[in-house]
Amino acid sequence: MECQLTIVRTEQKKEKPALDKLGFGVHFTDHMFTMDYTEGKGWHDPQIVPHAPLTLDPAAMVLHYGQAIFEGMKAYRNKAGKVLLFRPEQNFKRMNRSLERMSMPQVDGEFMVDALKQLVALEKEWIPAESGMSLYIRPFVIATEPCFGVRPSHTYKLIIVLSPVGAYYANGMEPVKIYVENKYVRAVRGGTGNAKVAGNYAGALKAQAEAKEKGYEQVLWLDGVENKYIEEVGSMNVFFKVGEEVWTPALNGSILEGITRDSTIHLLKDWGIPVVEKRISVEELYEAYTKGQLEEAFGTGTAAVISPVGDLNWNGHQMILNGEKTGPLTTKLYETMTGIQYGEKEDKFGWSVEVSE
Ligand SMILES: *Cc1c(COP(=O)(O)O)cnc(C)c1O
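Per my numbering, residue 1 is the first one in the sequence shown, and the count goes up by one each step.
Here it is as structure tokens:
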């Protein structure tokens, strides 16, 4: 790929939103990265340009057959002014796995990390330096060819947009109530569950809405074949502290391989805590609960980092975890992970990547 990144700076910088009104993914920075793909030519014309609406033919294949994948990551700025990315090369490796699954062309991961660093450096002023706040990074790829034929598109666009986001836990970490989903499934073996595909999210909205009506914030997804084995919680991976061990569902082809999941496993093992990756039936989990062994549960993902679960409802069987308070292991993981992300704790695994200007 002979790529010269061109930069077109905006002539009018936007006013930045107040830090207490950031929310999640509603404000966007001044610039975005875009790059085009044409069959026979490969990826071309990488550029950083002002954030603006796209011009897209209404017959563009993404709008009809959903050839669209995305990533989610963050840039963190600490009090000393240092700007850090967290394992960004992993996001582009996963992007390539998602692209492959959706019959879309591969990208050069190293080139992408480099382009992202340039974009983030340019938008540095948009990264809030307050604890818990960060710059959310959304890379995505869409099929742009105008055609109703059912086949992979011959043209694509890769875009990265940036959004300053507030602290996920505005009032400290609050455990969430989870409904064990028994009607809908998120993914099945052989499907697209292990790729970060836009359509997976659209298909999950209804279950989430119905759980909300019942008074729960999210659903615990079970496997799509037997409807017995635990897969994920909302759009996060899930962990359970059972006695002296920590259990998490083994990757099985329908679970999305989270980077926060992998980082959590590394930290736990480093602390000498046995991590068991296995098939976990909800029945086995309930049994551990009735024996008093299920001490903590939490979700992992880039947006919330670590999200404690306080209450699980499985067909009317209620599991109250750690008195609906955030448990000590959950707290330690959150503090360690965010400490590394902000460059305030020892980065023993070399996960942080500094953005230099
Ligand atoms: C993105 C995502 C996760 C979390 O992945 P991270 O890399 O930790 O942010 C988990 N489950 C699903 C379904 C996802 O889309």
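Built from N, CA and C at the ideal position, the CB exists for glycine as well.
Quick caveat, the model's predicted, so the values are computed rather than measured.
Same chain, Cβ closer than 7 Å to residue i, five either side skipped, listed in chain order
| i | result |
| --- | --- |
| Ile273 | Val246 |
| Lys387 | Since the displayed the chain opens at 1 and closes at 357, residue 387 lies outside it and no answer follows. |
| Tyr156 | Tyr37, Met104, Pro105, Val141, Ile142, Ala143 and Thr144 |
| Val49 | Val8, His31, Met32 and Thr34 |
| Asn200 | Arg186, Ala187, Thr192 and Gly193 |
| Glu2 | Any reading at Glu2 must be qualified, since the residue scores a pLDDT of 45, below 50, and its modelled position is unreliable; no value is offered. |
| Met112 | Phe92 |
| Lys214 | Tyr179 |
| Tyr334 | Met173, Val305 and Ile306 |
| Lys298 | It should be noted that the sequence gives Phe, not Lys, for residue 298. Contacts found: Phe239, Ile306, Ser307, Pro308, Val309 and Thr330. |
| Gly23 | Gly166 |
| Lys109 | One point to set straight first is that residue 109 is Gly, not Lys, in the sequence displayed. Excluding positions up to five away in sequence, the list reads Glu89, Phe92, Lys93 and Asn96. |
| Lys14 | Asp30 |
| Gly339 | Lys345 |
Buried/exposed call for residue i, threshold 16 Cβ in 10 Å
| i | result |
| --- | --- |
| Ile7 | exposed |
| Ile127 | buried |
| Glu11 | exposed |
| Gln318 | exposed |
| Tyr316 | Per the sequence presented here, residue 316 reads as Gly, with Tyr not at that position. Its Cβ having fewer than 16 others within 10 Å, Gly316 is exposed. |
| Trp43 | buried |
| Pro308 | buried |
| Gln341 | buried |
| Ala391 | The question about residue 391 has no answer here: the residues shown for the chain are numbered 1 through 357. |
| Trp271 | exposed |
| Thr55 | exposed |
| Val225 | exposed |
| Gln218 | buried |
| Pro53 | exposed |
| Thr290 | exposed |
| Asn237 | buried |
| Gly202 | Before going further, note that residue 202 is Ala rather than Gly in the sequence given. The residue in question, Ala202, is exposed, as its Cβ has fewer than 16 Cβ neighbours within 10 Å. |
| Lys21 | exposed |
| Gly301 | buried |
| Ala204 | buried |
| Ala209 | exposed |
| Ser235 | buried |
| Ala115 | buried |
| Gly40 | exposed |
| Ser379 | Residue 379 is absent from the structure shown; the chain starts at 1 and stops at 357. |
| Gly327 | buried |
| Lys241 | buried |
| Glu123 | buried |
| Lys117 | buried |
Own chain residues within Cβ distance below 8 Å of residue i, not counting five before or after
| i | result |
| --- | --- |
| Thr359 | For the chain, the structure presents residues 1 to 357; residue 359 sits outside this window and is missing. |
| Lys269 | Val275 |
| Ile320 | Gly310 and Asp311 |
| Pro17 | His27 and Pro164 |
| Lys228 | Leu222, Ser281, Val282 and Glu283 |
| Tyr169 | Gly132 and Ala304 |
| Glu244 | Ile273 and Pro274 |
Contact set for residue i: own chain, Cβ-Cβ below 6 Å, skip 5 residues either direction
| i | result |
| --- | --- |
| Pro139 | Glu71 and Ile160 |
| Asp45 | Asp36 |
| Ile265 | Val275 |
| Gln90 | Ile259 |
| Asp57 | Pro146 |
| Tyr184 | Ala207 |
| Arg87 | Ile259 and Trp351 |
| Lys177 | Tyr216, Glu217 and Asp311 |
Contact belief for residue i with residue j at Cβ below 8 Å, rounded distance in angstroms
| i | j | result |
| --- | --- | --- |
| Ala207 | Glu181 | 5 Å |
| Ser134 | Tyr216 | The Cβ separation is near 27 Å, so there is no contact. |
| Ser163 | Gly25 | 5 Å |
| Pro146 | Ala60 | 6 Å |
| Ser254 | Arg189 | 5 Å |
| Leu85 | Met73 | 7 Å |
| Glu295 | Asn322 | 6 Å |
| Val358 | Val355 | There is no way to answer for residue 358, as the model of the chain reaches only from 1 to 357. |
| Leu220 | Val233 | 5 Å |
| Gln47 | Leu19 | In fact, because the Cβ distance is near 30 Å, the residues do not count as touching under 8 Å. |
Cutoff 9 Å: residue i Cβ touching any chain D Cβ
| i | result |
| --- | --- |
| Gly243 | The question asks about chain D, but that chain is absent: this structure has only one protein chain. |
May I ask you to verify whether the stretch 89-104 touches the stretch 53-72, counting CB pairs closer than 8 Å and requiring at least 3? Yes: the two stretches touch, three or more of their Cβ pairs being nearer than 8 Å.
Going along the chain, which residues put their C-beta within less than 6 Å of some heavy atom in ligand 1? Output, sorted by chain position: Gly72, Lys196, Glu232, Ser235, Met236, Asn237, Leu256, Gly258, Ile259, Thr260, Arg261, Thr300, Gly301 and Thr302.
Does the stretch 190-204 come within contact of the stretch 334-347, defined as at least 3 CB pairs closer than 8 Å? The stretch 190-204 makes no contact with the stretch 334-347, as fewer than three CB pairs between them are under 8 Å.
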